[in-house]
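Student: Would you mind keeping the following structure in view while I ask a few things?
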Amino acid sequence: MRIIFLGTSAAVPTVDRSLSSIAVDMGREYILIDAGEGVQKQIMLTGLGFGKLSRIIITHLHGDHYFGIFPLLQTMSILRRSSPLDIIAPAGFSSIYKALKEITPTLTSYEVRITEVNGENEFRLLNCTLKMFPVCHGNTPTYGISIKEDDKPGRFDPEKSDKLGVPVELRGVLQKGIPIKLPDGKVIRPEDVMGPPRKGAKVVFSSDTRPCDSLLKEAENADVLIHEATYDDDKKDRAEKTGHSTISEAIEVGIASKARKIVLTHFSARYKKEDLEKMETKIREKYENVIFARDLMVIDL
């Protein structure tokens, strides 16, 4: 799984940062979490292409998180997409889509399947489980997202395999979790030649939020917590008023949840690139596991 930050700015883009969007690449397909304005150009810059995009998840209906979805849909239509696209969004998105589709019938030439959420929901994505859970962003229904990979098979032990007389051509069968029978009738089970299962990665996205219990719970022991940090600490009053978090508040959530890596994003446009670089340098002197996200930054898991 790869996490690609397509946009890391809050509310207004800057010359260095596009609006909110994150791609989660699972190999055969990828999903988008939010789609700020200009997201299709950011996708082009990553080389992901549009064919593998299977789902778009909208965390809440504030423009900087979803206004880019409509140009993206039309771009894929112009490029003659034929496969269906799933959109999961808070209640109300479907009526917005239908209204725009009436005004612009050419918006999509392929099937768009919309699922509206109202409260906690879970969805399957290839070898992952995606969970949407409510967070605290004022009066706007907003959802954080947890993505948990299925546990992976243990590592194959070639020495054990050789000692048991497993033919090379049957190793792959055992690695898929399927027992085999040798010519002498002996049955070899996967656990005979495989190590213990490896825990799948867990990534949690805060969306726009104040620090809250639901996020703290879902982020527990996450491999990566991606937390909004709209304001520096001197703007805490502003953060409280607007339903956002400060840099220190985001870090505190990560520490309390025992997340292995804390990635901050969704920075106010008031902060220039050099401002954020200075903040990050100072913070990493104390917290080595904290990273400030940048547009097109990639995290491999």
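According to our numbering, the sequence shown holds residues 3 to 303 in order. Positions of the beta carbon are idealized from the N, C-alpha and C atoms, including for glycine.
1. If I'm right that Lys-263 touches Asn-291 with Cβ under 8 Å, what's the distance once you round it to whole angstroms?
2. Have a look at Ile-190 and Glu-161 and give me their C-alpha separation to the nearest angstrom.
3. Give the range of the beta strand (DSSP E) segment to which Lys-274 is assigned.
4. Note down the Cα distance separating Cys-138 from Ile-60, rounded to an integer number of angstroms.
5. Let me confirm a value: Val-170 is counted as buried when at least 16 other C-beta atoms fall within 10 Å, else exposed. Which label applies?
6. Short of 7 Å in beta carbon distance, which residues of its chain neighbour Lys-150, apart from the five on each side in sequence? Order them along the chain.
7. Examine the Cβ distances between the segment 107-117 and the segment 65-85 and report whether three or more of them are shorter than 8 Å.
8. List the endpoints of the continuous alpha helix (DSSP H) containing Thr-267.
9. From Ser-20, Tyr-289, Phe-135, pick the residue whose C-alpha is nearest to that of Gly-40; which is it?
10. Could you give the DSSP three-state label for Gly-245: helix, strand or coil?
11. Could you tell me how far apart the beta carbons of Leu-298 and Thr-48 are, in whole angstroms, since I believe they sit closer than 8 Å?
12. With DSSP run on the structure shown, which of helix, strand or coil describes Glu-171?
13. Would you give the residue range spanned by the beta strand (DSSP E) that Met-134 belongs to?
14. Helix, strand or coil: which one does DSSP assign to Met-196?
15. Put Thr-117 into one of helix, strand or coil per three-state DSSP.
16. Report the option in Arg-126, Ile-249, Asn-120 whose CA atom is closest to the CA atom of Phe-2.
Tutor: Result, derived from the coordinates:
1. Translated into the one-based positions of the sequence shown, residue 263 becomes position 261. Translated into the one-based positions of the sequence shown, residue 291 becomes position 289. Yes, they are in contact, since the Cβ atoms of Lys-263 and Asn-291 sit about 5 Å apart, within 8 Å.
2. Against the sequence shown, residue 190 aligns to sequence position 188. Against the sequence shown, residue 161 aligns to sequence position 159. Taking the straight line joining both Cα atoms gives about 14 Å.
3. Reading the sequence shown from its first residue, position 272 is the one you call residue 274. Neither: Lys-274 is in no beta strand (DSSP E) and is coded neither H nor E.
4. Counting from one through the sequence shown, the residue named residue 138 turns up at place 136. Counting from one through the sequence shown, the residue named residue 60 turns up at place 58. For Cys-138 and Ile-60, the distance between alpha carbons rounds to 16 Å.
5. What you label residue 170 is simply residue 168 of the sequence shown in a count that begins at 1. Val-170 is exposed by the Cβ-count criterion.
6. For the purposes of this step, residue 150 is taken as residue 148 along the sequence shown, with counting starting at 1. Only Cys-130, Thr-131, Gly-202, Lys-204 meet the Cβ criterion.
7. yes
8. Here the question's residue 267 lines up with position 265 in the sequence shown. Note, Thr-267: premise wrong, no alpha helix (DSSP H); beta strand (DSSP E) at 263-267.
9. For the purposes of this step, residue 40 is taken as residue 38 along the sequence shown, with counting starting at 1. The shortest C-alpha separation from Gly-40 is found at Ser-20.
10. Against the sequence shown, residue 245 aligns to sequence position 243. Residue state, collapsed to three classes: coil.
11. As a first step, residue 298 is located in the sequence shown; it is residue number 296 there, counting from the start. As a first step, residue 48 is located in the sequence shown; it is residue number 46 there, counting from the start. With 8 Å as the limit, Leu-298 and Thr-48 qualify as a contact, their Cβ atoms being about 6 Å apart.
12. Taking the sequence shown and counting its residues from 1, the one referred to as residue 171 is at position 169. Correct three-state label for Glu-171: helix.
13. On the sequence shown, position 132 is the one that residue 134 refers to. From DSSP, the beta strand (DSSP E) with Met-134 extends over 130-136.
14. To locate residue 196, count along the sequence shown from 1; it is residue 194. Strand at Met-196.
15. The count along the sequence shown starts at 1 and reaches residue 117 at position 115. Three-state DSSP puts Thr-117 in a strand.
16. Any question about residue 2 goes unanswered here, given that the chain covers just 3 to 303.
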